[in-house]
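Protein chains: 2
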Amino acid sequence: MSSSVVTEQVSLAVSTVVFALRPHPRTGETTLWLPLVRRIREPYEGRWALPGGPLKAHQDLAASARETLADTTGLEPAHLEQLYSFGAVDRSPADRVVSIVYWALVRPDEDARTTETPNVEWFVADEVPQLAFDHNEIVRHALDRLRAKITYSPIALAFVPDEFTLAELRGVHEAVLGRCLDPANFRRQVLAGGTVEPTGTHLTGTSHRPPALYRAAPREQEKSR
Amino acid sequence: MSSSVVTEQVSLAVSTVVFALRPHPRTGETTLWLPLVRRIREPYEGRWALPGGPLKAHQDLAASARETLADTTGLEPAHLEQLYSFGAVDRSPADRVVSIVYWALVRPDEDARTTETPNVEWFVADEVPQLAFDHNEIVRHALDRLRAKITYSPIALAFVPDEFTLAELRGVHEAVLGRCLDPANFRRQVLAGGTVEPTGTHLTGTSHRPPALYRAAPREQEKSR
C-alpha cells in the first residue's frame, strides 16, 4: 500500500427490506412477501439480494433507500424506517462494507403500483433462498422486529388503507404472526389501545350487517425510528 | 476534481451514549447521567461530544464502540446495543460523516470502576450543554428510546446488580421516567411480566422485615438489538 491514509477504507451501502402482504402461492393464506434483486456481478453473481446500493455523498440515508426502491420495484411506500446497521468485518468477501438497512411496509394500494423489472422477483419472506452476503440474517432480523413490534405498537396500520374494518386489521396481525387470533379478544385489545377510532360509517355492499369502518386515531404517531 | 472515483467519499464513525444512574447534584434524586468528551480539534474545538471515533477497517461495530468507551471512561458495560445511524448530509460542516450510534447501560458496580480521564466529564443527561455536531439530537433520541423501552421490556435489569429488591428495580424505573410509581402496582406488573424471579433469600442487615431479593428470570433474554 502506497499510502497509510487510505488503508482504513470502509464502504457504506443502504439496503431495504420491503414487506407486502399477498396470498401464499400454495395455501392461499395472506402472508409476508418481499422483493429481491438478482446480482449481475461478483461477488455472489446470480444470487438474490436485498435492493440497495452505495450511499452517495450528497444523499441522506432514507433518500438513498427510497431511490433504490423506486428504481427496482416502482414502490414509494409511506412507511419507511431504519432497521439496523450490519457491519461484521467479514460480511463481504471482497471489501469492508457496512450496510445501513431500512425496512418498508407496503399498503395494498401501494403494492398495486409495483412495476415489473428484470432481475427483480418477489418471494414469500419465510421461504427466501440462500441470499448474497449476510442478507438471510438481515431478512430474519427484519421479520423478528416486525413480529415483535406488532405486539406493542400500531405498526399494523402501515399495512391497511386509510379506512379499514377490525377484521382487516386482525387479518394483518394474523398474517404477520402466522397464527389465528380470537376476534373478540383482538377487538377488545385494539379498542383499549386507543390507536384506532370509528369513522362513523360502515363497509357498503357486503352483508345485511355491514362492519364498521375505523381509521388511525389522531394521536401522536409512532415515531419512524 | 481530478478523479470521479473519489468524489463520493463518505466516512463512518461509531459513537456511544452511555447511561448510568447517579444522584442529581441539586435534588439528590437518582437520575440519568452520561459521559462526554471535550473536542481538542476542529470542527467544534472545545465543545463537548459523545465518545466515539472513526470505524477501523478491521473492527466490528460493537468492538469499535467498546474500545472508545474503555479508552475514554474505563467502562466495559455488559449492556451495549445499537441505537440508530445518523447520516444527514449536513451534520458535519467539513465532510460527510455517517455515525452509527450505540447505547450502553451501566450497573452500579460497573460505574464504580469509572476512571478519571482528562477531557472527559459526566453530565446529567437531561441537562447537557450545546454539543458538537447533531449530538444533542442523538442524546435526545437515546433518552426517548430508553424511556419508551423501559415500559415494554426488561431493560431496567441492565441497571441493577445480579440480585436486587423490587424497590431497587422500581427506583430504576422512577429515575429513568422521572416520576414516582405506585409500589403495589409496580410490584404486580413486574411479577406478572415474568422477567424476574425471587432468589429465595432476603436483604440482610436492614430492618426487622428485610425485603426479598430477586434476579432476572432464566428465560430467553431480550435480544441486544
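In the order they appear, the protein sequences are chains R and P.
The letter at position 97 of the first sequence is residue 97 when you use full-length UniProt numbering, and the numbering goes up by one with no holes.
The letter at position 62 of the second sequence is residue 62 when you use full-length UniProt numbering, and the numbering goes up by one with no holes.
Virtual Cβ for every residue (Gly too), placed ideally from N, Cα, C.
No experiment lies behind these values; they were computed from the predicted model shown.
Threonine 68(R) and glycine 52(R) look like a contact to me (Cβ under 8 Å); what is the Cβ gap, rounded to whole Å?
Confirmed, Cβ separation roughly 6 Å.
Spatial distance of valine 18(P) from proline 23(R) (CA atoms)
Looking at the backbone, the Cα of valine 18(P) and that of proline 23(R) are separated by about 45 Å.
Sub-8 Å separation of leucine 177(R) and isoleucine 150(R) beta-carbons
In this structure, isoleucine 150(R) lies closer than 8 Å to leucine 177(R) by Cβ.
Counted within 10 angstroms of its Cβ, other Cβ atoms place alanine 167(P) as buried (16 or more) or exposed
Under this definition alanine 167(P) is an exposed residue.
Presumed contact (8 Å Cβ cut-off) between residue 235(R) and arginine 113(R), rounded CB distance:
Shown here, chain R extends from 1 to 225; a query on residue 235(R) therefore has no answer.
If serine 99(R) and serine 85(R) are in contact, beta carbons under 8 Å, what's the gap, nearest whole angstrom?
Indeed, because the Cβ distance is near 7 Å, the residues count as touching under 8 Å.
Please give me, in chain order, every unbroken run of the alpha helix (DSSP H) with length at least 4 that falls completely inside the stretch 15 to 91 of chain P.
The qualifying runs are 61 to 73.
Quick one: is leucine 177(R) near chain P, going by C-beta distance under 8 Å?
Not one chain P Cβ lies under 8 Å of leucine 177(R).
Boundaries of the alpha helix (DSSP H) in which alanine 184(R) is found, first to last residue
Here the alpha helix (DSSP H) through alanine 184(R) covers 183 to 193.
In three-state terms, what does DSSP make of glycine 200(R)?
Looking at glycine 200(R) - three-state DSSP - the assignment turns out to be strand.
Taking beta-carbon pairs under 8 Å, can you tell me which members of the stretch 79 to 110 of chain P lie near chain R?
Gln82, Tyr84, Ser85, Gly87, Ala88, Val89, Arg96, Val98, Ile100: these are the residues of the stretch 79 to 110 of chain P whose beta carbon lies less than 8 Å from some beta carbon of chain R, given in chain order.
Are any of the Cβ atoms in chain R nearer than 8 Å to that of residue 231(P)?
Lying before the first or after the last residue shown, residue 231(P) is absent from chain P, which here runs from 1 to 225.
Alpha-carbon spacing of aspartate 144(R) relative to tryptophan 33(R), whole angstroms
A direct Cα-to-Cα measurement between aspartate 144(R) and tryptophan 33(R) gives close to 14 Å.
If you follow the alpha helix (DSSP H) that valine 98(R) is in, where does it begin and where does it stop?
Run containing valine 98(R): none in the alpha helix (DSSP H); it sits in the beta strand (DSSP E), 97 to 106.
According to DSSP, is alanine 216(P) part of a helix, a strand, or is it coil?
Taken through DSSP and simplified to helix, strand or coil, alanine 216(P) comes out as strand.
In whole angstroms, give me the CA-to-CA distance for threonine 195(P) and serine 153(P).
A straight line joining the alpha-carbon of threonine 195(P) with that of serine 153(P) spans about 9 Å.
Do you know offhand how far proline 118(P)'s Cα is from proline 54(P)'s?
Cα-Cα distance, rounded: 20 Å.
Would you be able to state if there are at least three C-beta pairs under 8 Å between the stretch 38 to 49 of chain P and the stretch 134 to 142 of chain R?
Between the stretch 134 to 142 of chain R and the stretch 38 to 49 of chain P there are fewer than three C-beta pairs closer than 8 Å, too few to call the two in contact.
Let me see if you follow: with CB-CB separation under 8 Å, is glutamine 189(R) close to chain P or not?
Not one chain P Cβ lies under 8 Å of glutamine 189(R).
Report the rounded CA-to-CA distance for alanine 94(R) versus proline 43(R), giving the unit in angstroms.
Roughly 7 Å between the two C-alpha positions.
Assuming contact is defined by CB atoms lying nearer than 8 Å, are leucine 213(R) and threonine 165(R) in contact in what I supplied?
For the pair leucine 213(R) and threonine 165(R), the CB atoms are nearer than the 8 Å cut-off.
Report the residue from Arg91(P), Glu45(P), Arg66(P), Asp60(P) whose alpha carbon sits nearest the alpha carbon of aspartate 60(R).
Ranking the options by Cα distance to aspartate 60(R), first place goes to Arg91(P).
What is the DSSP secondary structure of valine 176(P), reduced to helix, strand or coil?
It is helical.
Please list, in chain order, all residues of the same chain as residue 227(R) whose beta carbon is under 6 Å from its beta carbon, the five residues on each side excluded.
Because chain R in this structure spans residues 1 to 225, residue 227(R) falls outside the shown range and cannot be described.
Ordered along the chain, which non-local residues of its own chain (more than five positions away) have a Cβ less than 7 Å from that of leucine 181(P)?
In chain order, Arg170, His173, Glu174 place their CB closer than 7 Å to the CB of leucine 181(P), counting only its own chain and leaving out the 5 sequence neighbours on each side.
Measuring CA to CA, which of Val128(R), Leu191(R), Pro210(R) is closest to alanine 217(R)?
When only C-alpha atoms are compared, the closest one is Leu191(R).
Per DSSP, which residues does alanine 13(R) bridge with? Please list them.
In DSSP, alanine 13(R) forms a bridge with Pro54(R), Ser99(R).
Considering only C-alpha positions, which residue in the set Glu127(R), Pro210(R), Gly200(R), Arg147(R) is nearest to arginine 26(R)?
That would be Glu127(R), whose Cα lies nearest to the Cα of arginine 26(R).
Cβ of valine 139(R) less than 8 Å from any chain P Cβ?
For valine 139(R), the closest Cβ of chain P is not nearer than 8 Å.
Chain P partners of valine 10(R), CB-CB under 7 Å?
Within chain P, the C-beta atoms nearer than 7 Å to that of valine 10(R) come from Leu12, Leu55, Ala57, in chain order.
Of the residues that make up the stretch 150 to 167 of chain R, which ones have a beta carbon closer than 8 Å to any beta carbon in chain P?
Against chain P - using a Cβ distance shorter than 8 Å - the residues of the stretch 150 to 167 of chain R are Tyr152.
Measuring from the CB of histidine 202(R), is there a heavy atom of the ligand HEM at a distance below 7 Å?
Within the structure as shown, the ligand HEM is missing, as the structure has no ligands at all.
Where histidine 141(R) falls, given that 16 or more other Cβ within 10 Å makes a residue buried
By the C-beta density criterion, histidine 141(R) is buried, having at least 16 other C-beta atoms within 10 angstroms.
Under a CB-based cut-off of 8 Å, is leucine 61(P) close to chain R?
Output row for leucine 61(P): interface = yes.
In the DSSP assignment, find the beta strand (DSSP E) that holds glutamate 121(P) and state where it starts and stops.
Glutamate 121(P) -> beta strand (DSSP E) spans 120 to 124.
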